[in-house]
Structure formats: C-alpha cells, structure tokens
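I have placed the structure first, in the form of structure tokens, so that the comments after it can refer back to it.
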Amino acid sequence: MTTVAGDLAPSGVLRASINLGNPVLAQGTAEAPGGVTVDIARELARRLGVSLDLVCFDAARKSFEAMTTGRADLCFLAIDPARAAEVAFTAPYVVIEGVFAVPRESGLTSVAEVDAPGVRVGVKEGSAYDLYLSRTLQQATVVRGVEGVDVFRDEGLEVAAGIRQPITRYVGEHPELRLIDERFMQIQQAVGTAKAKQPETVAYLHDLIEELKASGFVAASLAASGQADAAVAPPA
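Each residue of the sequence shown is one higher than the one before, counting from 2 in this note's numbering.
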C-alpha cells in the first residue's frame with residue numbers, strides 16, 4: 002500500500018482530474034464538485050492515507066491534458082485508443098451511450114444514415130465521441146465546438162452528438178428537435194493514471210474499481226447523484 006501511495010501520489014497529495022463537462026460522472030462546481038468520480042477519488046485517497054486535491058475542468062480534453070502534462074495523478078475518462086497511448090486505464094466502472102439529435106423535420110432516422118455526404122455532426126471538442134466519430138465516420142463531417150449542441154445550433158448543422166442523458170434532456174427542452182434513439186457508440190468510463198506508473202499501482206487501481214463495482218459502491222454513488230439510469234459496467 003505504501004508503495005502504491007508513494008508511486009501514485011509522491012507529494013502526499015492525490016491530484017484527481019475531474020471533468021465537470023460530463024454531468025453523468027460529475028456535478029456541481031469546481032469549488033464543490035460531486036458525483037461518482039469525486040466519490041471514487043475520495044475513497045481511493047482514504048484507502049491510501051493521502052490528502053486529495055480535486056482539479057476540476059469543463060471538458061474531457063482538458064482533463065486529459067492535465068494527466069499527460071503531470072498536473073494530475075489520476076483521471077476519469079472514457080477509454081479510447083488515442084488516450085490509451087498515454088494513459089494506463091482500468092476496466093470501465095460506468096458505461097454510457099453516445100446518441101444523435103436532429104431537427105424534427107430531418108430525414109435522418111438511423112445511425113447508419115448519419116454517415117453520408119453533406120451531413121455535419123456537431124461534437125464537443127476532445128470528447129470521447131469526438132475521437133470516435135473522427136475515427137469512424139467516412140462521409141459525414143465532424144464539426145467541433147465548446148459544446149456539441151451549441152455548435153450544432155449556431156452553425157445550423159444537420160446532427161448533434163452527445164451523451165444520452167444530457168442530449169435527451171436537451172431534446173426534451175427543444176421540441177423542434179428529436180432523438181435518434183439508437184446509440185452510435187458505447188462509452189466506457191474508466192480510471193486512468195500515467196503510463197510511467199508501476200504495474201503494481203495500475204493493478205491496485207484495477208482491483209479497486211472491480212471491488213467498488215461489485216460492492217454496490219458505484220451504483221449507490223450514481224443513484225445519490227441523480228444518475229441512477231447510468232449503467233454500472235460489468236465485471237472485467
């Protein structure tokens with residue numbers, strides 16, 4: 002345990018990068034964050050016997066940059082090949098879905114139809130679905146913005162991409178839009194740390210996440226933060 006604590010938080014303070022831009026995983030403000038990622042970070046710090054510094058950002062790409070530039074010891078991000086080149090991930094603890102929203106009068110009705118010439122998809126820059134769609138779309142064009150729904154609206158795009166829960170709420174508030182209910186991707190949210198960390202440290206994080214899933218800790222945290230409809234990932 003001492004070895005893990007010294008490797009993961011050599012300063013005696015565990016710096017956890019929290020992405021407030023994903024409302025399923027974190028809510029509140031930088032001064033008073035909450036949610037499942039915050040709960041996991043606090044539990045890890047408690048077990049390691051170190052202090053905790055929650056470093057909050059409004060986007061996954063900023064959280065990722067904090068991890069890769071040494072400003073954070075721990076991150077909570079979706080597993081993606083582009084990120085896995087620099088971050089050692091656990092198995093996922095939560096699985097969420099990426100979905101599309103379109104204008105109500107749009108002829109697009111399925112995920113497959115979105116990947117077509119002339120279709121522009123608004124995404125949040127650096128998000129898991131930005132990385133995925135940029136890699137997989139063959140004919141449609143990815144348009145990046147601070148928020149996917151904002152660039153979709155501001156530039157009059159054909160499609161907005163996002164996480165199911167906030168996109169569903171957004172569509173519910175905008176009757177001129179409708180949801181394509183079929184998911185275009187499954188987003189596996191995991192805990193990550195620097196590749197340079199010792200194998201024992203990465204194994205400890207992996208085992209902790211599996212324990213927190215199996216014990217009901219993750220499910221209880223999601224429910225307490227109003228995200229009970231998010232799915233706890235299956236055992237690794």
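For each residue, glycine too, the CB sits at the ideal point set by N, CA and C.
Look at residue 105 here: in three-state DSSP terms it is coil, with no helix or strand label. The Cβ atoms of residue 172 and residue 123 lie no closer than 8 Å to each other. Membership of residue 17 in the beta strand (DSSP E) is indicated by the continuous run 14-20. By a beta-carbon distance limit of 8 Å, residue 96 contacts residue 232. Their separation comes to about 5 Å.
When secondary structure is reduced to three states using DSSP, residue 66 falls in the helix class.
Straight through space, the alpha carbons of residue 199 and residue 226 are spaced by roughly 33 Å.
When only Cα atoms are considered, residue 39 and residue 21 end up about 10 Å apart. With contacts defined as CB atoms closer than 8 Å, residue 75 and residue 18 qualify as a contacting pair. Annotation for residue 125: the continuous beta strand (DSSP E) segment containing it runs 121-125.
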